[in-house]
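Scroll down for the structure; my scribbles are underneath it.
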Amino acid sequence: MKSLAFGGAHPLAWSSLVAFLLGGCGPLDGAPGDGEAARDKEPTGETRAAVVTGHQAFRVMTYNVRGPLDTGARAWPNRKAAVIQRILANNADIVGVQEAQHPSGGPDLPADLIAGLTGTDKPYAVYHPGGGSPKLIFFKKGRFEIAPEVGHGNEALANPYASSAECYSHAEGKKISWVGLRDVTSGLVYFVANTHFAYAAECSLGRLKEAAQMGAFLATKPAGLPVVAMGDFNSDAQSSSTRDESTIEDLETAGHLFRTARHDGTTGEDDATFNNAWDGTPSTNYARLDYIFHNGGAITSSAPAIDRTESGGNTPSDHFAVLATIRPSLFAAGSTLSPVPSGTSTATQLFFADVTGDGCADRVSWNPSVGEGETWVAKSKCDGSFAASVKNEGAVSVVSTTRFSFADVNGDGCADKILWRPTLGEGEVRIYPSRCDGTFGDRVSVFPAASQSESTRLFFADVTGDGCADLLRWNPQERSGAFETFVARRGSTPSFGAAVLSKEGANTSEGTRVYFADVDGDGKADRLLWNPGQEGGRTRVYRSMGTGAFTFAFAHEAGTSGVDTSRFYFADVDGDGRADKIFWRPTFRQGRMQIYPGTGTGFAGSPVMDNTGFSGSENTDFFFANIDGRGGADKVYWNPSAYNGDSKVFRALVQ
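For the sequence shown, position 494 (counting from the first letter as 1) is numbered 494 according to UniProt numbering, and the numbering increases by one without interruption.
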C-alpha cells in the first residue's frame, strides 16, 4: 500500500518524501497563515497563569512499601524514614500506598506514613479508608481536595477460594480504596482508586476475579469522571511464568482503562517493578507487578518512571515506586468516518492538503488502477469529516510509479497539484495550480529541478517563511548526497529560483528518510533525517536558515530506532506552532503511538502515550493534517482492510 501524508507515512512510500504537504502558503495579501495565527493567539505567561481551563498535568505514584515482615536492617523502624523520603523526593501530586499494615502488636505503618507526609508542615493530605492494611491515598494539599459530591469508599473484593484453600489468605480482605479528588487549579474532579491483588503465582484465579470485579466497578462507579487507578496487581503482563495470566488485559478491557507504560517482550531489569534482590539473592526473575492506569478520553499519560534509589545498600521496599504523569490527551477519543474512493484497495494513495484555501485540509485520493487514474478531492467540512469526493479532470496517471504531491507553491493559500515521474517527459516537475474550489488549472512545467533518476526525491515545504512551498531535491547518488533548494516565487504562475546547494547534513544512503517540518516555531520548515543504521537511530534536525540553506541543530536522544519498519511523523499536533515528533511501529508498544512534544529547541525526552486509533497492522497508514481548521494537526487512520476502507479522523485537542 502506498500513501502520502503530512509528516510521512510508510518509510518506503512517496509519503516519506513529500513530508511537508501542509506547510502551505499564506494569503497573497500578507495576512498570517495558520501557523502564524496560532502563534499570535498563544496566550502570554500572565494570561496563561490567570486562565486555567481543561485538564492540567499531574504526577501519580504507586508504592508498595512492604508490611512489617522483616527484622534487622529491613525492619520497618529502620527503613520507614527512607520510604517517606522516596515519596517526598518524587514529589508526586497523588500517591497510592499498598501494604501499609497495622498488625496487632506490631508497628503502625499507616500512622508512621501519615505523620511523615501530612500535617501543617508537610505537603500532603490523606484519604485513610481504614482496615488492617489500608490502601492509603495521599494527595498534595495545594493541588487537590476531596470532592464531597463524589465522596470516597472502600470496595471489598470477593475471595473466590474456600477458607481451607492455600490461596484463601492471599485473597482475603482485598479492597479498592477510592476517592473523588478535585484539582483546585482547574476545578475538574478525578476518580482515584488504589488496590492490591492476591499474592502468589498459584493464586491466579483470585487475581482474575479481582480484575473482573475492579474493571466492572471502574466502568460504572465513576459515573463519567476521568479515572486514575493504581496498585500492586501481582501480575506481569509480559512474564512467561505462571503469573502470566490475562489479569492486566482483563482489567483494561473490563474497566476501559489504559496502562501508562507499555512494554514489549519479556520483562527485563529496566522495566521490573519488584526488587528481586531484596533478600540479598540476585536473580534474573524480573517481574512488573505495579501499574498505573487511566481511562483515556480527554486524559492520557507521559513520563513513566521507576524509582530504584537505594538507601544503605538496599531499596526501602521490595517494590520500586512507579510514577507517571497524567496529562491532557492530544487527540479526541471519538472519531469520524468518511468514505474513501477505492479505499479497500492497497493501490490507493491518500493525500491531505488545503486545496480550497479555507484553512481546513481536504482529502485527495488516487488509484492508478481505477478509471483513468484521476485524482478525487473530498472537501473538508472543517469538523473532521469530508464532503463526497469529486473527480478531477486532467493530471491523470495510470502508472503506479507516478508521484503526486499537494502544496501551495504560488502563495494564493490553496495547495496546488504536483506530478512527477522520472520517465515522464524530460523529468520535469508538472504543477497544476489550484483554482481554490477543489479543481486545478492547466499544467505549468518546471525544468530547473528536473530529474530522470529513480533515486531522486522531491519535497515541497516553506523553508524560507514567505508562505510559499519551496521545491527541494535530494538524490543520495548525486552531489555527494547534498540537498538543493529551489526557492518558490510568489505569483499567479508557479516558478522557482536557481538552486541553493546545502551540504550540511548531506547523506548518501538510500535508506535515509527525509522530512520537513517547523521544529523551532519560526515559520520556516526545518529538515529532519532518520536512518535506522546511522547515528544509533537518532533523529537529526537541521535548522532552516531562511535562504534554502540549513545548519545542524540537534540530534534527538530519545525516540531512537534501529528498526527499518519504524515510522516517524513530524507535525504540530498540540497547536503551539512547533512540530512534534511522532513514532509508531505496529509491533512496538502494542501499536500505540509515542509522541515527543516539540519544545522549540528540541523534542521532549519522554513521550506522551497516544491510545487513540492505535494499530498493530503493517497495512495501516497514518496522516497528520489540520482538517478541522482549529489549529493542531488532526490524526487520520486508514487501513484498506478496516472500516470498509473508510478514513477515520481523530481530532486534535488543542488546549
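Glycine included, C-beta positions come from ideal geometry on N, C-alpha and C.
>> When you compare the CB positions of Ala482 and Ala450, do they come within less than 8 Å of one another, or not?
In response: no
>> For Leu472 and Ile94, what's the separation of their Cα atoms in angstroms?
In response: 50 Å
> In angstroms, rounded to a whole number, what distance separates the CA positions of Ser615 and Gly72?
Replying inline: 51 Å
> For Ala298, which three-state DSSP category applies?
Replying inline: coil
>> Quick check on the DSSP output: the beta strand (DSSP E) that includes Ala287 runs from which residue to which?
In response: Taken as a continuous stretch (DSSP letters only), Ala287 belongs to no beta strand (DSSP E), as it is neither H nor E.
> If you draw a straight line from the C-alpha of Leu458 to the C-alpha of Asp416, how long is it?
Replying inline: 15 Å
>> Can you look up Ile627 in the DSSP assignment and give me helix, strand or coil?
In response: coil
> For the candidate residues Ile114, Leu181 and Gly173, whose alpha-carbon lies nearest to that of Gln85?
Replying inline: Ile114
> In its own chain, which residues sit with a C-beta less than 6 Å from the C-beta of Trp584, not counting the 5 before and 5 after it?
Replying inline: Arg567 and Met593
>> Just to confirm my understanding: we take Asn194, look at its own chain, exclude 5 residues before and 5 after, and list those with CB closer than 6 Å. What are they?
In response: Gly96, Lys135, Ile137, Ser177, Met230 and Gly231
>> Any contact between the segment 316-326 and the segment 340-355? By contact I mean 3 or more CB pairs, one from each, below 8 Å.
In response: no
>> For Ser492, which residues in the same chain have their Cβ closer than 7 Å to its Cβ, ignoring the five residues on either side in sequence?
In response: Asn410
>> In the DSSP output, what is Phe217 paired with across the bridge?
In response: Answer is none; Phe217 lacks a bridge partner.
> Where does Pro316 fall in DSSP's three states?
Replying inline: coil
> Looking only at C-alpha atoms, which of Ser342, Pro68 and Arg143 sits nearest to His55?
Replying inline: Arg143
> Considering only residues of the same chain and omitting the five flanking positions on each side of Ala305, which have a CB-CB separation below 6 Å?
Replying inline: Leu323
> How many angstroms separate the CA atom of Trp638 from the CA atom of Phe622?
Replying inline: 6 Å
> Assuming Ala549 contacts Ser606 under a Cβ cut-off of 8 Å, what Cβ separation, rounded to an integer in Å, is found between them?
Replying inline: Going by Cβ atoms, the distance from Ala549 to Ser606 rounds to 33 Å, so no, they are not a contact pair.
>> My parser needs the beta strand (DSSP E) runs of 3 or more residues fully inside the segment 174-211; what are they?
In response: 175-183 and 189-196
> In three-state terms, what does DSSP make of Thr120?
Replying inline: coil
> Roughly how far, in whole angstroms, is the beta-carbon of Pro448 from the beta-carbon of Ala499, given that I think they are within contact range, below 8 Å?
Replying inline: 7 Å
> Alpha carbon to alpha carbon, how far is Ala237 from Gly384?
Replying inline: 36 Å
> How would you write the range of the alpha helix (DSSP H) that Pro328 sits in, first residue to last?
Replying inline: Counting along the chain, Pro328 falls outside any alpha helix (DSSP H), though it belongs to the beta strand (DSSP E) covering Ala321 to Pro328.
>> Run through the DSSP bridge pairs and tell me what Met593 is partnered with.
In response: Asp610
>> By the three-class DSSP mapping on this structure, what secondary structure does Asn78 have?
In response: helix
>> Taking only three categories from DSSP, how would you classify Arg363?
In response: strand
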